[in-house]
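J.: In the working numbering, the protein residues as written are 1 to 345.
Okay, handing you the structure first.
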Amino acid sequence: MDRSDSAPKVLVTGGAGYIGSHAVLELLGAGYPVVVLDNLSNASPESLVRVAQLAGKPAPLVVGDIRDATLLRELLAREKVSAVLHFAGLKAVGESVEQPLAYYENNVGGTTTLLTCLAEAGVRRLVFSSSATVYGDPSEVPVPVDAPLAPSNPYGRTKVMIEEILGDLARSDPRWSIAILRYFNPVGAHPSGRIGEDPRGIPNNLMPYVSQVAVGRRAELAVFGGDYATTDGTGVRDYIHVLDLARGHVAALARVLEHAGAFTVNLGTGRGHSVLEIVRAFEAASGRSIPYRIVDRRPGDIAQCYADPRSAADLLGWEAALDLESMCVDAWRWQSRNPQGYSGT
Ligand code: NAD
Ligand code: UDP
């Protein structure tokens, strides 16, 4: 569907990053004009250059910070946006343990500044990037959306705090319309191989680490724990293709543009895969062998976590469509064509 002439403009915070850049491409494809606000603390502007090429439409970037109220007021006065997809935030669990104040300040403080400026500008439609990490070590799988929240690190606590702030806001003023999307484990890349995940330094997450081993940037994968109570002893997660996630945002946006109030959904496939299943699937997709060694468990890791995504089907008419093979094939196409990520351009 193309809504270019009449469609509401969307502000995308953090839109130069991994998930945000894929969501911007999906928004442009659905006909929504966008403006991105990103401080480039964890992204390259090249991602949006490529998004604009792929879409054949502009993907304008304002380099700036969601904590900068003056800049936000100017941007909102100039751009006349109708809704916001709010991706901007710091996301490394280990770093959040070492630097909790940086995480509370950036994620929670940045979000309250953003919300204050949005309220002043009369923009009250927002889609927020939350995470399955809000559940901590879930007591049941698949994890229902009303499972207890028990984050085990400062990063996860910023997500819970922001969710609570958003709930309070929606209760305080019925004009707010807010979607809280709890992502499980986003992986993969756009099938063009032009945009993808480009972590700085040593990847914390499994899929980019495996990709970098396959492409020869790292010697072997350390598998964190082989003695969990799972099918093969390695950790199980719900990996979701970033394109499915991007589609979920467009569906959530459509809902917040139509309905007031706040809602929360899980975005996952509902299926769990072990670390060794990922290794085997990636070997098949890439034709490369992935040497690995089983080492001690990573502190704070849980055995298994996968979504009950029914709330997203009920509220958004959304469900994940792409399987593990597509996730690995697309991640490999991105990694093999861009071995050094965006910095190789
Ligand atoms: P990312 O780091 O690639 O993207 C985040 C973007 O926000 C980056 O481009 C960064 O430069 C920008 N940013 C950070 N702080 C900012 C600030 N103060 N002002 C302006 N821009 C700022 O990460 P991602 O994987 O694309 O994640 C996007 C969102 O989804 C984050 O909120 C993250 O917590 C959440 N999330 C990610 C995952 C995951 O595994 N990737 C899982 C669940 C939730
Ligand atoms: N993992 C691993 N080696 C790595 C990175 C991750 O064995 O180098 C495992 C980790 O223990 C977990 C799974 O892969 O079982 C997914 O980890 P990731 O950090 O990607 O996601 P999260 O733990 O945040 O769900």
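The beta-carbon is built from N, C-alpha and C at its ideal position, and this holds for glycine as well.
Using only the alpha-carbon positions, how far apart do Glu277 and Leu206 sit?
T.: Numbered from its first residue, the sequence shown carries residue 277 at position 277. Numbered from its first residue, the sequence shown carries residue 206 at position 206. Cα-Cα distance, rounded: 12 Å.
J.: Leaving out five residues before and five after Tyr228 in sequence, what residues of the same chain have Cβ atoms less than 7 Å from its Cβ?
T.: Here the question's residue 228 lines up with position 228 in the sequence shown. Hits under 7 Å: Thr234, Gly235, Ala303.
J.: Given Glu79, which residues of its chain have a CB within under 8 Å of its CB, disregarding the five upstream and five downstream residues?
T.: Within the sequence shown, residue 79 is the residue found at index 79, counting from 1. Cβ neighbours of Glu79 beyond the five flanking positions: Lys9, Leu11, Val35.
J.: Among Pro154, Arg124, Ser139, which one has its Cα closest to the Cα of Ser172?
T.: If you number the sequence shown from 1, residue 172 lands on position 172. The shortest C-alpha separation from Ser172 is found at Arg124.
J.: What's the gap between the Cα of Ser131 and the Cα of Gly287?
T.: Against the sequence shown, residue 131 aligns to sequence position 131. Against the sequence shown, residue 287 aligns to sequence position 287. Approximately 32 Å, taken between the alpha carbons.
J.: Give me whichever residues DSSP pairs with Leu85 in a beta bridge.
T.: One-based indexing of the sequence shown puts residue 85 at position 85. DSSP lists Val12, Val127 as partners of Leu85.
J.: With a CB to CB cut of under 6 Å and the five nearest residues on each side skipped, what residues in its chain are close to Ala88?
T.: If you number the sequence shown from 1, residue 88 lands on position 88. Around Ala88: Thr13, Gly14, Ile66.
J.: Would Leu61 and Val127 be called neighbours here (beta carbons separated by less than 8 Å)?
T.: Indexing the sequence shown from 1 puts residue 61 at position 61. Indexing the sequence shown from 1 puts residue 127 at position 127. No, the Cβ-Cβ distance between Leu61 and Val127 is not below 8 Å.
J.: Keeping to the same chain, check which residues put their C-beta closer than 6 Å to that of Asp71; ignore five residues upstream and five downstream.
T.: Taking the first residue of the sequence shown as 1, we reach residue 71 at position 71. The question names Asp, yet the displayed sequence has Leu at residue 71. Excluding sequence neighbours, Leu71 sits near Gly64.
J.: Provide the residue span of the alpha helix (DSSP H) that contains Tyr155, from first to last.
T.: Residue 155 sits at position 155 when you count from the first residue of the sequence shown. Counted as a single uninterrupted DSSP element, the alpha helix (DSSP H) harbouring Tyr155 occupies residues 154 to 172.
J.: Take Arg200 as the anchor and find which of Leu54, Gly341, Leu25 has the nearest alpha-carbon.
T.: Residue mapping note: residue 200 aligns to position 200 of the sequence shown, counting from 1. Closest option to Arg200, Cα to Cα, is Gly341.
J.: Quick one: grab the DSSP three-state call for His241.
T.: What you label residue 241 is simply residue 241 of the sequence shown in a count that begins at 1. Strand.
J.: Would you list, in sequence order, the uninterrupted beta strand (DSSP E) runs of no fewer than 3 residues that lie entirely inside the stretch 213 to 300?
T.: 221 to 224, 239 to 241, 261 to 267, 292 to 295
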